[in-house]
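Data block below; observations after.
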């Protein structure tokens, strides 16, 4: 997906449900003031961590997007984050 923010120090993660639970992607930094294409490869075990019942590896033939997380250190200032064109590419 594409993401944009003017706020500094934002990282992104996502989680997918596969056959044994939910796997969480490694965090990626979101640059400020630039639309950025963010992606994780489902078949690259180094990009995934075990999460709720998962094993850190995408093992199912089909998965579903569980969530997209936007992370930032505690701060009272509101921020806006935009996402666009959420997609799955087969290569």
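Numbering (this note's numbering), first residue to last: 1 to 91. Glycine is no exception: its CB is placed at the ideal position from the N, C-alpha and C atoms. Source: prediction; values computed, not measured.
Just verifying my parser: in three-state terms, what is the DSSP assignment at residue i?
| i | result |
| --- | --- |
| residue 47 | helix |
| residue 28 | strand |
| residue 73 | coil |
| residue 52 | coil |
| residue 5 | strand |
So if DSSP puts residue i in a beta bridge, which residue, or which two residues, is it bridged to?
| i | result |
| --- | --- |
| residue 39 | According to DSSP, which records beta bridges pairwise, residue 39 is partnered with nothing at all. |
| residue 16 | 23 and 65 |
| residue 34 | BP columns for residue 34 are empty, so no partner. |
| residue 11 | 29 and 71 |
| residue 81 | 5 |
Between residue i and residue j, is the Cβ-Cβ spacing less than 8 Å?
| i | j | result |
| --- | --- | --- |
| residue 17 | residue 59 | no |
| residue 33 | residue 6 | yes |
| residue 10 | residue 81 | yes |
| residue 86 | residue 1 | yes |
| residue 92 | residue 25 | The chain is shown from 1 up to 91; residue 92 falls before or after that span and cannot be answered. |
| residue 15 | residue 40 | no |
| residue 36 | residue 42 | no |
Report, in whole angstroms, the separation of the C-beta atoms of residue i and residue j, which I expect to be a contact under 8 Å.
| i | j | result |
| --- | --- | --- |
| residue 13 | residue 65 | No, residue 13 and residue 65 are not in contact; Cβ-Cβ is about 12 Å, not under 8 Å. |
| residue 56 | residue 22 | Contact doesn't hold; Cβ gap of about 11 Å is too wide. |
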